[in-house]
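In order, the protein sequence lines correspond to chains A and B.
Take 132 as the starting number for the first sequence in this note's numbering and just add one per residue.
Take 19 as the starting number for the second sequence in this note's numbering and just add one per residue.
Just below is one structure, and these are the notes that go with it.
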Amino acid sequence: MGDLGIFGFGPGGWGLALLEGAAMTLLVSACGLLIGAILGALVAWARLSGAAVPGAIGQAYAALFRGLPELLVVYLVYFGTSTLLTSAAHAVGYEGFVGVPSFFAGALAVGVISGAYQAEVFRGAYRAIAKGELEAAVSVGMNRWLMFRRIIAPQVLRFALPGLGNLWQVALKDSSLISVTGLTELMRISQVGAGSTHRPFAFYLGGAALYLVMTLVSNQAFEMAEARATRGMRRATG
Amino acid sequence: MFISSLLKLLGALPLTLEVWALSVVLGALIAAGVTWMRGSESKPMKLFARAYVAVFRGTPLLIQLFIVYYGLSSLPAVRASFVWPFLKSAFNCGVLSLALCTAAYQAEIFRGALLAVAHGQVEAARACGMSGLLLFRRVIFPIALRHALPAYSTEMISMVKATALVSLITLWDVLSVALKIRNDTLVTYTPLLIAGAIYFAVNYAIGAAFLTLERRLSTHLRPRPG
């Protein structure tokens, strides 16, 4: 490799910029996962409710965004939200083009994709709750909200944890696609560094190493969370 | 406008499908190797297989693609070596990079499917005197194949989606043609939406094909009619 000075923190070093990029990657992925959780929960609710129209809409949404390339979704959301915002701005008398901040568009794109998968995770987790527990909750007189808070939510979160861990990693990796909108997350910083130092191999390898650290660490964190969340449960194996 | 965009986009579909098919097949071969190493007795081989899977599944495909296409081509040692005629082409880099990535996912699918083969079946086959290739061909492979199919179909679909990334390394696949039409005509959505419909149709067809295959292969598991 020769000198690793380009990854240093002194003048001319890209260490700090890369770390800032990694922080941006974490932030935008976390926001995306959160947006996805809201969308996913709504879709799971719509499908579990048995209502025909909301259920069909939820199913169509999930099928659509699992069948489209992630990169295409990023472009669609980025261009789409900008157009909406521009026309909204024109409506209140502002002239010219208004670009949506690429952070917002990126988080939304990651979230819309993640939501399509999270819907399935939440639906499966709800199905895993023993029916007797819900009946018991009704029979002791819990109303819907109380039942949701005390019986459903804690168990859905517990059963959904492994699936959410996978989707967090997917969100982390999908967030690299936001670099096409110019958001200075890790992928984009790696590109900029590669371009200005003419050392693409070193920079992309360094960027990949940081991604790997993030996925491995979050893998461990989710495993610990899972162990904690299931500490009171009997298991079929192990 | 609509028709001409559709025709242009369909014209780019063969490249997308070519990248997909080549990378999936090459990926399956690499995955078979990785799975074999993972199951071998040798510690270093096992470790290599595990590291391979962790690295390729733990980093975004986009950065892997850029390492291969922009990274390797910038190294003088690579440009001087015998692999350069191969790596010179963006198409080859795209296929190679996608194949290396899907191999990690496919290896995990293969491993899971092999683990799901009941030990008793293997013992029974050995008791009948089968071993080696015969045992694999007649007992392990058919059972493992059935276990692998659902996850494999998901992986095939996500590979179709992954081919869209080659638009970022100068290849004229469906997505990059859509972006070009968009730039040339200033029509904001139509090209992207048609491209989306094409990808969706391809994925739908692949999903349906795998479902049919799954049904065909599991006739013996369904309850008898009547």
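Every residue, glycine too, gets a C-beta built ideally from N, C-alpha and C.
Within chain B, no C-beta atom comes nearer than 7 Å to that of residue 298 of chain A; the closest sits roughly 13 Å away. Three or more beta-carbon pairs separated by less than 8 Å link the segment 281 to 297 of chain A to the segment 241 to 260 of chain A, which places the two stretches in contact. Under the 8 Å Cβ criterion, the segment 64 to 82 of chain B does not count as touching the segment 143 to 159 of chain B, having fewer than three qualifying pairs.
Apart from sequence neighbours up to five positions away, the residues of its chain that approach residue 191 of chain B with a beta-carbon distance below 8 Å are 30, 33, 34, 37, 181, 182, 184, 185, ordered along the chain. Listed by position along chain A, the residues whose Cβ is nearer than 8 Å to that of residue 140 of chain B form an empty set, because the closest Cβ is around 20 Å away. Ranked by Cα distance from residue 343 of chain A, the first of A/157, A/147, A/195 is A/157. In this structure, the CA atom of residue 115 of chain B is about 38 Å from the CA atom of residue 359 of chain A. For residue 328 of chain A, the enclosing alpha helix (DSSP H) stretches over residues 317 to 328. Around the beta-carbon of residue 193 of chain A, 16 or more other beta-carbon atoms lie within 10 Å, marking it buried.
Here residue 146 of chain B carries a coil assignment [DSSP, helix/strand/coil]. Contacts between residue 338 of chain A and chain B, judged by CB atoms closer than 7 Å, involve 81 in chain order. One thing to note: residue 234 of chain A has its Cβ within 9 Å of the Cβ of residue 314 of chain A. Any Cβ of chain B closer than 9 Å to the Cβ of residue 330 of chain A would place that residue at the interface, and such an atom is present. Rounded to whole angstroms, residue 273 of chain A and residue 181 of chain A show a C-alpha spacing of 21 Å. Residue 73 of chain B reaches chain A at 343, counting residues in chain order whose Cβ is nearer than 7 Å. If you draw a straight line from the Cα of residue 135 of chain B to the Cα of residue 224 of chain B, it is about 26 Å long.
With respect to the 9 Å criterion, residue 108 of chain B and residue 189 of chain B are classified as neighbours on the basis of their beta carbons. Across the segment 253 to 285 of chain A, no CB contact with chain B closer than 8 Å is found for any residue. Around the Cβ of residue 218 of chain B, a 10 Å sphere holds 16 or more other Cβ atoms; the residue is buried. Using a C-beta cut-off of 8 Å, the segment 206 to 217 of chain B makes no contact with the segment 220 to 228 of chain A, since fewer than three inter-stretch Cβ pairs fall below that distance.
Within a 10 Å sphere around the beta-carbon of residue 341 of chain A sit 16 or more other beta-carbons, which makes this residue buried. With respect to the 9 Å criterion, residue 167 of chain B and residue 228 of chain B are classified as neighbours on the basis of their beta carbons. As the crow flies, the alpha-carbon of residue 285 of chain A is around 13 Å from that of residue 357 of chain A.
When Cβ-Cβ separations below 9 Å define contact, residue 112 of chain B makes no contact with chain A. Separation of residue 189 of chain A and residue 238 of chain A (C-alpha to C-alpha, rounded to the nearest whole angstrom) is 20 Å. Within the model, the alpha-carbon separation for residue 176 of chain A versus residue 349 of chain A is close to 28 Å. Counting only residues of its own chain and dropping the five nearest sequence neighbours on each side, residue 282 of chain A has a CB closer than 7 Å to the CB of 264, 265, 268.
Any Cβ of chain B closer than 9 Å to the Cβ of residue 325 of chain A would place that residue at the interface, and such an atom is present.
Burial is judged here by how many other beta carbons sit within 10 angstroms of a residue's own beta carbon; residue 104 of chain B has fewer than 16 and is exposed. Excluding sequence positions up to five before and after residue 120 of chain B, its CB lies within less than 7 Å of the CB of 41, 42, 45, 173, 177, all in the same chain and listed in chain order.
Only exposed fits residue 351 of chain A, as fewer than 16 other CB atoms lie within 10 angstroms of its CB. The beta carbon of residue 153 of chain A sits closer than 7 Å to those of 317, 341, 345, all from its chain and outside the five residues before and after it, given in chain order. Secondary structure remark: continuous alpha helix (DSSP H) runs of at least 4 residues inside the segment 243 to 305 of chain A, in chain order: 262 to 270, 275 to 278, 284 to 305. Under a criterion of Cβ atoms nearer than 7 Å, the residues of chain B adjacent to residue 308 of chain A are, in order, 80. In this structure, DSSP gives residue 92 of chain B a state outside helix and strand, which the three-state scheme calls coil.
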